[in-house]
Amino acid sequence: AFWVIGYGGVQSIAPRLLSAFSSTPSDSVGKFRRPSAAFTWVLALSVTTLILAMLLSLWESEWVLVIGLLVFGAIFAVNSSLHSYLIVSYADQDGVSLDVGFYYMANAMGRLIGTVLSGYVYVNEGLIACLMVSAAMLFMATVISYQLPTEPSMRRQSAN
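Just add 229 to the spot in the sequence shown (first one is 1) and you have my numbering.
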């Protein structure tokens, strides 16, 4: 119950957290491209997962696992809230329901694949290997997220 209540609480303050961490609306700072919020938050999730795996390899402690999962859960809740916002923001005006439906279909497929893969890795290799595979998948998502526009409205403006 604490997990569900905490997750919902973090999601309710996610818009304030996201606006507090956002910077200028410009797509670049000097010569460097400013990463999107999706990139920044999935990177945080990737690093958190990797740190949790490393800490568990050093100290097999329930406290490391519980605290690590609470931190992971909070960052994941912000990511989830951000994705809900982004799918509607990136959606074509004429096909919002199709875009949102496709997103949730892909999300469900990703969760199914992740559940099966993590179960297989956990049973065969253990928790640390499972976390390492999760971190690797999250880093792949980080690389993909780097290509997203910094603002969803930039996609619409460039498409018009």
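We put the CB at the ideal spot given by N, CA and C, even for glycine. Predicted, not measured: the structure shown is a model, and the values here were computed from it.
Your pair L247 and V307 checks out as a contact, with CB atoms roughly 7 Å apart and the cut at 8 Å. DSSP, read as helix, strand or coil, puts E289 in coil. Residue state for S265 is assigned as coil, using DSSP reduced to three classes. Taking C-beta atoms as the reference points, I304 and L274 count as a pair closer than 8 Å. Contact holds between the region 352 to 369 and the region 277 to 293, because three or more Cβ pairs, one in each stretch, are under 8 Å apart. Y236 and G302 do touch by the CB rule: their CB atoms are close to 6 Å apart, below 8 Å.
Taking the CA atoms as reference points, S309 sits about 29 Å from N353. L284 places its beta carbon 8 Å or farther from that of V271.
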